[in-house]
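Read left to right, the sequence shown gives residues 426 to 532 (my numbering).
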Amino acid sequence: MPDYAVVFAPEAEEQLVDLYLYIADEASPDIARGYTEAIVDDCLKLNHFPLRGVARHDIRPGLRITHHKGRAVIAFHVDEAARRVSILGVYYGGQDYASALRQDGPD
(Lines of atoms letter the chains of each structure in order from A and count residues from 1; the text may use other names and numbers.)
(Lines give C-alpha, C1' and ligand atoms only; values in the text may rest on other atoms or scores of the structure.)
Protein backbone atom coordinates (compact mmCIF):
# COMPACT_ATOMS: atom_id res chain seq x y z
CA MET A 1 0.00 0.00 0.00
CA PRO A 2 1.49 3.39 -0.98
CA ASP A 3 2.45 5.93 1.63
CA TYR A 4 0.50 9.05 2.41
CA ALA A 5 1.74 12.46 1.32
CA VAL A 6 2.49 14.77 4.25
CA VAL A 7 1.85 18.48 3.70
CA PHE A 8 2.30 21.38 6.09
CA ALA A 9 -0.30 24.14 6.33
CA PRO A 10 1.21 27.63 6.19
CA GLU A 11 0.22 28.12 9.84
CA ALA A 12 2.18 25.02 10.87
CA GLU A 13 5.24 26.20 8.95
CA GLU A 14 5.00 29.60 10.65
CA GLN A 15 4.67 27.95 14.06
CA LEU A 16 7.82 25.91 13.41
CA VAL A 17 9.74 29.04 12.46
CA ASP A 18 8.47 30.84 15.57
CA LEU A 19 9.45 27.87 17.72
CA TYR A 20 12.91 27.78 16.16
CA LEU A 21 13.40 31.50 16.84
CA TYR A 22 12.22 31.17 20.42
CA ILE A 23 14.52 28.24 21.22
CA ALA A 24 17.45 29.84 19.36
CA ASP A 25 17.04 32.95 21.50
CA GLU A 26 16.58 31.05 24.78
CA ALA A 27 19.17 28.33 24.16
CA SER A 28 21.07 28.22 20.86
CA PRO A 29 20.51 27.93 17.12
CA ASP A 30 21.91 24.38 17.16
CA ILE A 31 19.45 23.25 19.82
CA ALA A 32 16.60 25.01 18.02
CA ARG A 33 17.50 23.38 14.72
CA GLY A 34 17.72 19.92 16.28
CA TYR A 35 14.41 20.28 18.10
CA THR A 36 12.42 21.65 15.16
CA GLU A 37 13.97 19.14 12.74
CA ALA A 38 12.93 16.33 15.10
CA ILE A 39 9.35 17.65 15.06
CA VAL A 40 9.36 17.77 11.26
CA ASP A 41 10.73 14.20 11.20
CA ASP A 42 7.87 13.07 13.47
CA CYS A 43 5.41 14.73 11.12
CA LEU A 44 6.95 13.08 8.07
CA LYS A 45 6.69 9.66 9.73
CA LEU A 46 2.92 10.05 9.55
CA ASN A 47 3.27 8.99 5.90
CA HIS A 48 3.56 5.38 7.11
CA PHE A 49 1.28 5.53 10.17
CA PRO A 50 -1.25 8.31 9.53
CA LEU A 51 -3.78 7.21 12.13
CA ARG A 52 -1.44 7.31 15.12
CA GLY A 53 -2.16 9.68 17.94
CA VAL A 54 -5.54 10.54 19.35
CA ALA A 55 -8.68 11.44 17.42
CA ARG A 56 -10.09 14.78 18.60
CA HIS A 57 -13.35 14.98 16.65
CA ASP A 58 -14.79 16.91 19.59
CA ILE A 59 -12.61 19.87 18.58
CA ARG A 60 -12.78 19.55 14.80
CA PRO A 61 -14.02 16.78 12.50
CA GLY A 62 -11.14 14.56 11.44
CA LEU A 63 -8.61 16.16 13.78
CA ARG A 64 -5.90 13.97 15.28
CA ILE A 65 -3.11 14.96 17.63
CA THR A 66 0.16 13.44 18.69
CA HIS A 67 2.92 14.70 20.94
CA HIS A 68 6.60 15.35 20.50
CA LYS A 69 8.66 14.78 23.65
CA GLY A 70 5.76 15.83 25.86
CA ARG A 71 6.22 19.54 25.07
CA ALA A 72 4.78 19.96 21.58
CA VAL A 73 1.41 18.96 20.17
CA ILE A 74 1.24 18.14 16.47
CA ALA A 75 -2.27 18.63 15.11
CA PHE A 76 -3.14 16.96 11.81
CA HIS A 77 -5.92 15.78 9.56
CA VAL A 78 -5.89 12.56 7.54
CA ASP A 79 -7.65 12.43 4.17
CA GLU A 80 -7.74 8.70 3.50
CA ALA A 81 -9.29 9.08 0.05
CA ALA A 82 -6.52 11.43 -1.12
CA ARG A 83 -3.90 9.57 0.97
CA ARG A 84 -2.76 12.86 2.46
CA VAL A 85 -1.85 13.97 5.96
CA SER A 86 -2.17 17.71 6.52
CA ILE A 87 -0.16 19.10 9.42
CA LEU A 88 -2.44 21.84 10.73
CA GLY A 89 -0.32 23.14 13.58
CA VAL A 90 2.52 22.64 16.02
CA TYR A 91 1.70 23.93 19.50
CA TYR A 92 4.46 24.23 22.09
CA GLY A 93 4.56 24.50 25.84
CA GLY A 94 0.88 24.26 26.70
CA GLN A 95 -0.50 26.52 23.97
CA ASP A 96 -4.28 26.17 23.63
CA TYR A 97 -4.48 24.16 20.42
CA ALA A 98 -8.14 23.27 21.03
CA SER A 99 -9.29 26.89 20.79
CA ALA A 100 -7.01 27.59 17.84
CA LEU A 101 -8.35 24.62 15.85
CA ARG A 102 -12.03 24.71 16.77
CA GLN A 103 -14.08 25.26 13.61
CA ASP A 104 -16.70 23.59 11.45
CA GLY A 105 -14.39 21.35 9.43
CA PRO A 106 -10.85 20.44 8.37
CA ASP A 107 -8.75 22.54 6.01
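Backbone N, C-alpha and C define an ideal beta-carbon position, used for all residues, glycine too.
Item, Value
"Beta-carbon proximity of residue 526 to residue 500, cut-off 7 Å", "yes"
"Separation of residue 502 from residue 469, as counted between CA atoms", "13 Å"
"Opposing strand residues paired with residue 497 [DSSP bridges]", "493 and 517"
"Residue 498 beta carbon less than 7 Å from that of residue 440", "no"
"Min CB distance residue 429 to chain B below 7 Å", "The chain inventory of the structure shown lacks chain B, comprising one protein chain alone."
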